[in-house]
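In this text, residue positions in the sequence shown follow our numbering: the first is 1333, and each later residue adds one.
Cβ atoms here follow ideal geometry from the backbone N, Cα and C, with glycine treated the same way.
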Amino acid sequence: MAKPRNAKSARSASGAPAINIGIGEKDRAAIVAGLSRLLADTYTLYLTTHNFHWNVTGPMFSTLHNMFMVQYTELWNAVDPIAERIRALGHPAPGSYAAYGKLSSVPDAPARPPKATDMIRILVEGHEAVARTARSVFPVADDADDEPTCDLLTQRLDIHDKTAWMLRSLLEE
Ligand SMILES: [Fe+2]
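As structure tokens, this is what we get:
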């Protein structure tokens, strides 16, 4: 088992005790950098999915309108635990369109609503992009013995892999 890091408690500039949870400052910063990208990806995909809930048209309207609602609700609920894990690791959580624009690997929704099958394709690619981001953060958290972040990433990976499969199935003949 790794030796606990920063075993001695210290005071931060704010007067509150410094963070001393057994994950060093450098590791916490590296994990937060990854979680910030995951937060930006998740938020961007949330907004695109809600946009498509509003704007979908065609014979699959009812199915997709409802399916997108389930998906954007899940994504909306996911941003909070990601942001709060960043806070627990001692860093501010990004929460602006400017920050997300820089951090996100998921592109903004197209300016004009695409047709339904293109919406599905865009969402498949979005879920896969978020999955790739979550996977890239996992070894960073794992190497630092950050079990709660590993757990959160595992849950997010399960959802994104599964949602990509479900959406992709709609496109198969
Ligand atoms: Fe609605």
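Check: Which residues mark the beginning and the end of the alpha helix (DSSP H) in which residue 1365 is found?
Finding: Unbroken alpha helix (DSSP H) run through residue 1365: 1357-1387.
Notebook entry, point to check: To which residues of the same chain is residue 1440 closer than 6 Å at the C-beta, ignoring the five residues directly before and after it?
Noted result: If the five residues before and after residue 1440 are omitted, its C-beta is found closer than 6 Å to no C-beta atom of its own chain.
Next item on the list: Assuming residue 1455 contacts residue 1421 (C-beta within less than 8 Å), just tell me the rounded distance between them.
Entry: With a Cβ gap of about 30 Å, residue 1455 and residue 1421 do not count as contacting.
Note to self: Could you give the first and the last residue of the continuous alpha helix (DSSP H) run that contains residue 1479?
What the structure shows: Looking at the DSSP string, the run of the alpha helix (DSSP H) that includes residue 1479 is 1479-1503.
Item checked: Backbone CA spacing between residue 1448 and residue 1388 [nearest angstrom] -> Rounded to the nearest whole angstrom, the C-alpha separation of residue 1448 and residue 1388 is 6 Å.
Check: Contact check, residue 1406 vs residue 1491 under 8 Å by CB: the rounded distance?
Finding: That belief holds up - the Cβ atoms of residue 1406 and residue 1491 are roughly 7 Å apart, short of 8 Å.
Check: Does the Cβ of residue 1401 lie closer than 7 Å to at least one heavy atom of ligand 1?
Finding: Answer for residue 1401: yes, Cβ within range of ligand 1.
Checklist line | Assigned exposure category for residue 1451 - 16 Cβ within 10 Å defines buried | finding: Taking all protein chains in view, the Cβ of residue 1451 is crowded by 16 or more other Cβ atoms within 10 Å, so the residue is classified as buried.
Margin query: Looking only at its chain, what residues have a beta carbon closer than 8 Å to the beta carbon of residue 1409, apart from the 5 residues adjacent to it on each side?
Written below: Nothing listed; no residue qualifies.
Checklist line | Same chain, Cβ closer than 6 Å to residue 1359, five either side skipped, listed in chain order | finding: Cβ contact annotation for residue 1359 (same chain, cutoff 6 Å, sequence separation greater than five): 1476, in chain order.
Checklist line | Pick from 1364, 1350 and 1355 that is closest to residue 1418, judged by C-alpha positions | finding: The shortest C-alpha separation from residue 1418 is found at 1364.
Checklist line | Coarse secondary structure for residue 1434, derived from DSSP in three states | finding: Three-state DSSP puts residue 1434 in a helix.
Check: From this set, 1444, 1347, 1462 and 1362, which residue's C-alpha is nearest residue 1303's C-alpha?
Finding: What the structure shows of the chain is the stretch from 1333 to 1505, and residue 1303 is not part of that stretch, so it cannot be assessed.
Margin query: For ligand 1, I want to know if residue 1459 counts as a neighbour, meaning its beta carbon is within less than 7 Å of at least one of the ligand's heavy atoms.
Written below: Answer for residue 1459: no, Cβ out of range of ligand 1.
Notebook entry, point to check: How would you label residue 1401, buried or exposed, when you count the other beta carbons within 10 angstroms and need 16 or more for buried?
Noted result: Exposed.
Check: So, using beta-carbon positions, are residue 1481 and residue 1437 closer together than 8 Å?
Finding: Contact check for residue 1481 against residue 1437 fails: the beta carbons are separated by 8 Å or more.
Checklist line | Distance CB(residue 1361)-CB(residue 1431) smaller than 8 Å | finding: Judged by their CB atoms, residue 1361 and residue 1431 are not nearer to each other than the 8 Å cut-off.
Note to self: At a cut-off of 7 Å, would you count residue 1423 as near ligand 1, judging by its Cβ distance to the nearest heavy atom?
What the structure shows: Closer than 7 Å to some heavy atom of ligand 1: that does not describe the Cβ of residue 1423.
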